[in-house]
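Engineer: Have a look at the structure that comes next, please.
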Amino acid sequence: MNPHDDTPSPANSDETRYHHTGPFITAIQSTSRHHWQSSRRCRKGLRALPIKPDHSLAHHVFEHALREASAIHLWPATLTKAQILGYAIAASFTVGAFLFAFASAVFLWLPTEQVAGVSVNQLYAAGSCFFTTAGYLQWVESINGDITRQPQQRFRWWGFSHKNLGYWSCLAQFGGTIMFNFNTFDTLRSGLTISQQNLWIWTPNMLGSILFLVSSYFAWLEQYHRFWAFNARSWSGWTVFINALGAVFFQLSAFMAFYSTPALPDWVANLSVFFTFAGAVCFLTAALMLPVEYASE
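Position one of the sequence shown corresponds to residue 261 (my numbering), numbered consecutively onward.
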């Protein structure tokens with residue numbers, strides 16, 4: 261399928277055109293009202309953008325970036341439901357990423373693996389809970405900001421939307437956070453054999469990292485409406501890029517975290533933890549950037 265396909269709405273083909281990336285709807289253009297709405301903006305609760313009738317979708321994808329930061333109010337007087345949910349997502353991701361980065365830094369650069377009686381593994385486990393909270397709330401965000409089902413009247417805590425790319429991105433990330441729950445909490449168990457450690461600790465780590473990569477690429481497609489593109493002028497584009505970079509670092513960390521007999525050299529473990537640290541810093545940065553995107557109205 262043409263990744264940049266324009267399909268008229270079956271209900272009103274002279275007013276609305278659906279733009280597809282593969283089988284997914286990633287933008288809707290109204291030719292009668294002269295506005296354009298993307299899947300990501302709809303998911304974040306942001307208004308549709310005004311367009312010029314003689315400009316292509318590609319023009320609006322790249323040129324609306326200058327308007328993103330034109331009137332940003334980080335703490336608006338009135339918050340919409342989407343903004344409240346968005347700030348909760350940003351806060352949860354921020355705390356989770358900070359705990360992962362802090363735990364990794366303690367392991368790498370402090371002579372102890374405990375801080376105030378709390379072990380590094382306990383810090384990771386706590387961070388994974390905040391990641392999962394953020395992952396679930398982001399999935400809820402995709403359900404209630406579904407571009408394929410607009411307008412929506414009531415708030416939903418669960419749902420399914422097979423044509424919404426943002427939905428699949430959030431679902432993959434939510435699944436990845438659950439895998440990291442298994443991964444981090446199983447490190448608190450003692451007496452595991454090498455095979456048990458690989459089954460209960462390394463395997464969820466690897467699966468979670470893969471799901472994060474899948475989620476990041478889906479988010480990339482949702483942002484740019486094509487299989488490869490990048491816009492350095494877009495705030496949301498940078499958020500997606502930094503988040504994807506964090507997923508790559510987590511995947512590299514997982515590759516090096518395999519348990520074996522004899523044990524791998526210390527530098528391998530240290531490098532694995534360093535990649536976890538780098539990934540967590542990326543996720544922390546992306547989380548801190550989210551409020552600006554939510555406020556870009």
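All C-beta atoms in this analysis are idealised placements derived from N, C-alpha and C, irrespective of residue type, glycine included.
None of the values given here were measured: they were computed from a predicted structure.
Looking only at DSSP bridge pairs, what is VAL375 linked to?
Structural biologist: DSSP lists VAL378 as partners of VAL375.
Engineer: Specify, as a first and last residue, the run of the beta strand (DSSP E) that ALA287 falls within.
Structural biologist: Run containing ALA287: 284-290, per the beta strand (DSSP E) assignment.
Engineer: Indicate whether ARG307 and GLY405 have their beta-carbon atoms separated by less than 8 Å.
Structural biologist: The answer is no: Cβ separation not under 8 Å.
Engineer: Helix or strand or just coil, what does DSSP make of ALA523?
Structural biologist: It is coil, neither helix nor strand.
Engineer: Does GLU328 pass the burial test, meaning 16 or more other C-beta atoms within 10 Å, or should it be called exposed?
Structural biologist: Reliability fails at GLU328, whose pLDDT of 49 lies under 50, so the model's placement of it is uncertain and the value that follows must be treated cautiously. GLU328 should be labelled buried.
Engineer: Locate the alpha helix (DSSP H) running through THR276, then write down its first and last residues.
Structural biologist: Where THR276 is concerned, there is no enclosing alpha helix (DSSP H), although the beta strand (DSSP E) it sits in stretches over 276-281.
Engineer: Since PHE472 is in the alpha helix (DSSP H), which residue starts that stretch and which ends it?
Structural biologist: Start and end: 463-484.
Engineer: So, under 8 Å CB-CB, LEU383 and ILE349 are touching, yes? Tell me the CB distance rounded to an integer number of Å.
Structural biologist: Their Cβ separation, rounded to whole angstroms, is 21 Å, which puts LEU383 and ILE349 out of contact at 8 Å.
Engineer: Starting from the N-terminal side, write out each stretch of the alpha helix (DSSP H) that is 4 residues or longer and does not extend beyond the segment 496-554.
Structural biologist: As far as the segment 496-554 is concerned, its whole alpha helix (DSSP H) runs of at least 4 residues are 526-554.
Engineer: Tell me which residue opens and which closes the alpha helix (DSSP H) that ASP446 is part of.
Structural biologist: ASP446 -> alpha helix (DSSP H) spans 425-446.
Engineer: Out of THR392, ASN458, SER388, THR354, which has the shortest C-alpha to C-alpha gap to PHE434?
Structural biologist: Of the listed residues, the one whose Cα sits closest to PHE434 is THR392.
Engineer: CB-CB under 8 Å to PRO551, same chain, minus the five flanking residues each way: which ones, in chain order?
Structural biologist: Only LEU334, GLY346, TYR347, ALA350 meet the Cβ criterion.
Engineer: Helix, strand or coil for LEU359, going by three-state DSSP, please let me know.
Structural biologist: If DSSP states are grouped into helix, strand and coil, LEU359 belongs with the helices.
Engineer: Are there three or more Cβ pairs, one per stretch, closer than 8 Å when the segment 535-554 is compared with the segment 352-370?
Structural biologist: Touching, yes.
Engineer: Near LEU425, which residues of its chain fall below 7 Å by C-beta distance, leaving aside the five closest residues on each side in sequence?
Structural biologist: Hits under 7 Å: THR281, PHE284, THR286, SER299, PHE478, LEU481, GLU482.
Engineer: Among the candidates GLU553, TYR554, CYS542, whose CA atom is the shortest distance from the CA of VAL355?
Structural biologist: Among GLU553, TYR554, CYS542, the Cα nearest to that of VAL355 is on CYS542.
Engineer: So for LEU309, helix, strand or coil by DSSP?
Structural biologist: It is a strand residue.
Engineer: Just how far apart, CA to CA, sit THR455 and PHE510?
Structural biologist: Here residue 455 turns out to be Ser, not Thr, going by the sequence shown. Whole-angstrom Cα-Cα distance: 22 Å.
Engineer: Compare the C-alpha of ILE403 against each of ALA365, VAL508, HIS422 and name the closest.
Structural biologist: Considering only alpha carbons, the answer is HIS422.
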